[in-house]
Structure formats: C-alpha cells, structure tokens
Amino acid sequence: MTMLIKGDEIDELVAKYCALTWVKNKSEAVRQALAAQIAALAAKESLADRVAAIQRRAAASGILADGRDDKAFMDGMWGED
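In this text, residue positions in the sequence shown follow UniProt numbering: the first is 1, and each later residue adds one.
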C-alpha cells in the first residue's frame, strides 16, 4: 500500500531520525520508527495489571482492604472537616 505523508515537520523528523540512525531511505526510517513504537506499546504493562501487582504486594505484606470509607479521615487530614 502506498502512503503519501506531507509536512515540513514530518520531513524534519524523518531527516533527524535518518541522521541519528544512519538510515538513508526515508521509507525504511519510518518503518523502523513505527515498528519500534509498536513494540514499545505492546510491551507496556496495562494499568489493570500494574494495579493488580500492587494489590498482590500489599496483601502479601498484610495490608488488606477493610471495606471502610476513608473519606472522612482524608477530609480531616486536609482540613476539610
């Protein structure tokens, strides 16, 4: 599939990428940059997984939710009685 990308800023970004990576072909530069970004995003742990890991560590250390609402406590701490 052919793709036409226009814009001075995009051209400058691709030129900088080519200079930093020694890639001479702009199409290859775009391919490499997109592949790297996709790999980085795919490897990133989801928020749900990060929260679950924190909850497991907290439970393992003895910190368990007791079901109480801490709003009144937090309001008092911030002087919002």
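For each residue, glycine too, the CB sits at the ideal point set by N, CA and C.
So, do the segment 57-69 and the segment 27-45 have three or more beta carbon pairs nearer to each other than 8 Å? With the rule of 3 Cβ pairs closer than 8 Å, the segment 57-69 does not count as touching the segment 27-45.
In three-state DSSP terms, what is residue 2? Position 2 of the sequence shown holds residue 2. Coil.
With 16 as the cutoff for other CB atoms within 10 Å, does residue 29 come out buried or exposed? The residue given as residue 29 occupies position 29 in the sequence shown. Buried, because 16 or more other Cβ atoms sit within 10 Å of the Cβ of residue 29.
When you compare only the Cα positions, how much space is there between residue 70 and residue 77? By 1-based counting over the sequence shown, the position of residue 70 is 70. By 1-based counting over the sequence shown, the position of residue 77 is 77. The C-alpha of residue 70 lies about 11 Å from the C-alpha of residue 77.
Tell me the rounded alpha-carbon separation between residue 47 and residue 35. In the sequence shown, the residue the question calls residue 47 occupies position 47. In the sequence shown, the residue the question calls residue 35 occupies position 35. A straight-line Cα-Cα distance of about 23 Å links residue 47 and residue 35.
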